[in-house]
Structures are given as C-alpha cells and as structure tokens.
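In this note's numbering, the protein residues as written are 1150 to 1327.
The beta-carbon is built from N, C-alpha and C at its ideal position, and this holds for glycine as well.
Here the structure is laid out as structure tokens; the discussion comes afterwards.
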Ligand code: IMP
Ligand code: MG
C-alpha cells in the first residue's frame, strides 16, 4: 500500500484517483440533468475544493458561472467547531440557482453556516455538492444533494485536502494510519 509521510503522520492510499474520477463524472452527470436551463452559479469553497472543483466543472456542460468563496473552520486533525465568515462572494446570488462545491463534510457545521449565510441573499435555490461526506461525524443535519463518496470517520489528505497545509497536491486520497 502506497504511503505518504507528512510531518509526524503517516497516511496510506484509501481512494485511488481512478475511483474518484468515476464518481466525479457520475455527479457531474446528475448536475447536468438537474441544472438544465437554470444557469447555475457554482461556488467552490477554497482552499480544499480547488482540485475537485476543477475536475467536476470540466464535466459540466450546461451554461454556468463559477465564483470561489472561502470559509475556514478547521485546524489540525480535529474540527475546531469555530465558525468564520464567508468571504469573496463577488456575485449577486439573488434568484440564482447556487451550487456550493465542497471538498468534504465532516461535522457539517461549516456547511450549515454557509447555507444560512447564503440563504439571507434570496437565491432561487441552494444545492450542496460535496466530494466526500463522513456520515458518522455529522453533528448537524445538512442537505447533501450531490456526493461522490461516503467515507468512514477518519482523517484524510490529498486531492485538495490538507494536514496542516501539506498534502493537497496528490492524485489519490490518503487516510491517516493510526
Ligand atoms: P466540518 O465543518 O466539520 O464539516 O468541516 C469542514 C471542513 O473541514 C472541510 O471543508 C475540510 O476543509 C475540513 N476537513 C474535514 N475533515 C477533514 C479531513 O479528514 N482532512 C482534511 N480536512 C478536513
Ligand atoms: Mg473545505
């Protein structure tokens, strides 16, 4: 099993690139069907979703706009639960079909806050598209409309996701070896 060392931690491949790509294509297909005629505004959440967004959006064939936003609430290997503001929203989302593009939903607190914030600006709809979801880690209920894979409640890196800033630049996803 291929290993990855980041600082004090060892990670092993858990989701190979090919498997991810297959699921990304499936989700893009669902979005293309559901967003037909809606001119969606995709809002990928930086930093973690940049690779997922790049791969997903190149499979989107309906006319759409893309604008990156940022909201961080994570440090080290445990969610801090601390909430920060949505920044970088440069588009008017009034009456728009908004699709939030996330790397991973863990406790769900970040997404719940994001939805609440965006809802105040009266979009036509808000959909959530997350590459990964940890169902066993959810602390609040979040509507997850599109999801590539559900994963166990373990800490992962790669494909945009980091451990203390490192590990985002891998093709596969790795899980922490305990
Ligand atoms: P939540 O608010 O607990 O759902 O966490 C949201 C954010 O925490 C995600 O968008 C990620 O950026 C980060 N995160 C959650 N789980 C992991 C992980 O296993 N590895 C790296 N980052 C993670
Ligand atoms: Mg994120």
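### Task
Out of 1306, 1292 and 1213, point me to the one whose CA is closest to residue 1262's CA.
As a position in the chain shown, residue 1262 is number 113, starting the count at 1. For the residues 1306, 1292 and 1213, the minimum Cα distance to residue 1262 belongs to 1292.
### Query
Residues bridged to residue 1299 by DSSP?
Residue 1299 sits at position 150 when you count from the first residue of the chain shown. For residue 1299, which the question treats as bridged, DSSP gives the partners 1282.
### Span of the beta strand (DSSP E) around residue 1156
In the chain shown, counting from the first residue as 1, residue 1156 sits at position 7. Residue 1156: not part of any beta strand (DSSP E); DSSP gives it neither H nor E.
#### Entry: residue 1321 burial status per 10 Å Cβ neighbour count (16 or more: buried)
The sequence position of residue 1321 within the chain shown is 172, counting from 1. By the 16-neighbour rule on beta-carbons within 10 angstroms, residue 1321 is buried.
### Query
Can the beta-carbon of residue 1187 be found less than 9 Å from the beta-carbon of residue 1162?
Residue numbering aside, residue 1187 sits at position 38 when the chain shown is read from its first letter. Residue numbering aside, residue 1162 sits at position 13 when the chain shown is read from its first letter. Their beta carbons are not under 9 Å apart, which means residue 1187 does not touch residue 1162 by this criterion.
### Task
Taking only heavy atoms of ligand 3 into account, decide whether any of them is closer than 8 Å to the Cβ of residue 1198.
Of the ligands this structure carries, namely ligand 1 and ligand 2, none is ligand 3.
#### Entry: the segment 1201 to 1208 touching the segment 1160 to 1178, judged by at least three CB pairs closer than 8 Å
With the cut-off at 8 Å, the segment 1201 to 1208 and the segment 1160 to 1178 touch.
### Query
Is the beta carbon of residue 1246 less than 9 Å from the beta carbon of residue 1274?
One-based indexing of the chain shown puts residue 1246 at position 97. One-based indexing of the chain shown puts residue 1274 at position 125. Taking 9 Å as the Cβ cut-off, residue 1246 and residue 1274 qualify as a contacting pair.
### Query
Based on the DSSP secondary-structure assignment, which residues constitute the bridge partners of residue 1161?
Translated into positions along the chain shown, residue 1161 becomes position 12. Beta-bridge pairing links residue 1161 to 1152 and 1324.
### Query
Quick one: what's residue 1246 bridged to in DSSP?
Residue numbering aside, residue 1246 sits at position 97 when the chain shown is read from its first letter. According to DSSP, residue 1246 bridges with 1274.
### Query
Under 9 Å, do residue 1328 and residue 1235 count as touching if we go by C-beta distance?
The requested residue 1328 is not part of the displayed model; the chain covers only 1150 to 1327.
#### Entry: Element boundaries [alpha helix (DSSP H), containing residue 1329]
Given that the chain is displayed from residue 1150 to residue 1327, the structure contains no residue 1329 and the question cannot be resolved.
### Query
Is residue 1193 buried or exposed, if buried means 16 or more other CB atoms sit within 10 Å of its CB?
To locate residue 1193, count along the chain shown from 1; it is residue 44. Residue 1193 comes out buried.
### Task
Under the assumption that residue 1254 contacts residue 1283 (Cβ atoms under 8 Å), give the Cβ distance between them as a whole number of angstroms.
Your numbering for residue 1254 matches position 105 in the chain shown. Your numbering for residue 1283 matches position 134 in the chain shown. Contact holds; Cβ gap of about 7 Å.
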